[in-house]
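Position one of the sequence shown corresponds to residue 9 (this note's numbering), numbered consecutively onward.
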Amino acid sequence: MRRSDRAQDRDFSLALIDRCTHGVMALSTGEAVPYCLPLSLVRVGEDLYFHCARTGRKTDLLRRFPQVCLTFVGEDRPVFVAPAEYTTYFQSVLVTGTASEVTDPGEKVQALRALCQKVTPNHMEGFEAAVEQSLNVTAVWKVRMEELSGKAKLER
């Protein structure tokens, strides 16, 4: 990180991940152009979980190239500070890790429950029926967080 004065600690980084409803994952295509996509993610301990279709470009790439990079953005606020001075107040976290498909049904349900509790906490009454209906056709992946780097420019 070039601006070490903007580095944030692990607690800041984990809290920002927990606040964000989505992150952007970059994965390798094996060619010069990476593949990036937004995902709804939830953190459980040292792992990030997301769900998706069982087949498709994303899952094909993850099976071939499981090393991923995820970015979470909290605040992103451009401001005019003073005559001829502009800046942006921001908060972000960069995570690198290894993705693996979750095959254990219990872990899949736990991850999906955690995700639903994060993004729709007031609507958990339909969770059991939804899981029963779609668990077999839903893929769940986890990313083991190997490196975590938080950065921010905060308003003083």
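All C-beta atoms in this analysis are idealised placements derived from N, C-alpha and C, irrespective of residue type, glycine included.
A quick note: this is a predicted structure, and the numbers were derived from the prediction, not measured.
Residue 19, enclosing alpha helix (DSSP H) - first and last residue
Position 11 of the sequence shown, counted from the start, is the residue given in the question as residue 19. Per DSSP, residue 19 belongs to the alpha helix (DSSP H) from 18 to 27.
Nearest CA to the CA of residue 71: which residue from 18, 37, 114?
As a first step, residue 71 is located in the sequence shown; it is residue number 63 there, counting from the start. Of 18, 37, 114, the residue nearest in Cα terms is 37.
Would you call residue 59 buried or exposed, if buried means 16 or more other Cβ atoms sit within 10 Å of its Cβ?
As a first step, residue 59 must be located in the sequence shown, where it is residue number 51. Label assigned to residue 59: buried.
Measure how close the beta-carbons of residue 81 and residue 100 come, nearest whole angstrom, since I'm counting them as under 8 Å.
Your numbering for residue 81 matches position 73 in the sequence shown. Your numbering for residue 100 matches position 92 in the sequence shown. Their Cβ separation, rounded to whole angstroms, is 5 Å, which keeps residue 81 and residue 100 in contact under 8 Å.
Among the residues of its own chain, which have a CB less than 7 Å from the CB of residue 14, if the five just before and after it don't count?
As a first step, residue 14 must be located in the sequence shown, where it is residue number 6. Result list for residue 14: 159, 160, 161, in chain order.
To the nearest angstrom, how far is it from the Cα of residue 43 to the Cα of residue 63?
Looking up residue 43 in the sequence shown gives position 35. Looking up residue 63 in the sequence shown gives position 55. C-alpha separation (whole angstroms): 16 Å.
Could you say which of 96, 94, 61 lies nearest to residue 145 if we only look at CA atoms?
Translated into the one-based positions of the sequence shown, residue 145 becomes position 137. The shortest C-alpha separation from residue 145 is found at 61.
Please determine, among 28, 51, 115, 69, the residue with the shortest C-alpha to C-alpha distance to residue 41.
Translated into the one-based positions of the sequence shown, residue 41 becomes position 33. That would be 69, whose Cα lies nearest to the Cα of residue 41.
Straight-line Cα distance separating residue 26 from residue 88:
Counting from one through the sequence shown, the residue named residue 88 turns up at place 80. Counting from one through the sequence shown, the residue named residue 26 turns up at place 18. Each residue's alpha carbon lies about 29 Å from the other.
Helix, strand or coil: which one does DSSP assign to residue 59?
Within the sequence shown, numbered from 1, the residue matching residue 59 stands at position 51. The answer is strand: DSSP assigns residue 59 an E or B state.
For residue 156 and residue 21, believed in contact at Cβ under 8 Å, the rounded distance:
Taking the sequence shown and counting its residues from 1, one reaches residue 21 at position 13. Taking the sequence shown and counting its residues from 1, one reaches residue 156 at position 148. Indeed, because the Cβ distance is near 5 Å, the residues count as touching under 8 Å.
Classify residue 57 as buried or exposed, calling it buried when 16 or more other Cβ atoms lie within 10 Å of its own Cβ.
What you label residue 57 is simply residue 49 of the sequence shown in a count that begins at 1. Buried, by the Cβ-count rule.
If I follow the unbroken alpha helix (DSSP H) through residue 86, where does it start and stop?
Here residue 86 corresponds to residue number 78 of the sequence shown, with the count starting at 1. Residue 86 -> not in any alpha helix (DSSP H); beta strand (DSSP E) instead, spanning 75 to 90.
What are the start and end residues of the beta strand (DSSP E) that includes residue 110?
On the sequence shown, residue 110 is found 102 positions in, with the first residue counted as 1. It spans 93 to 110 - the beta strand (DSSP E) in which residue 110 sits, taken as one unbroken run.
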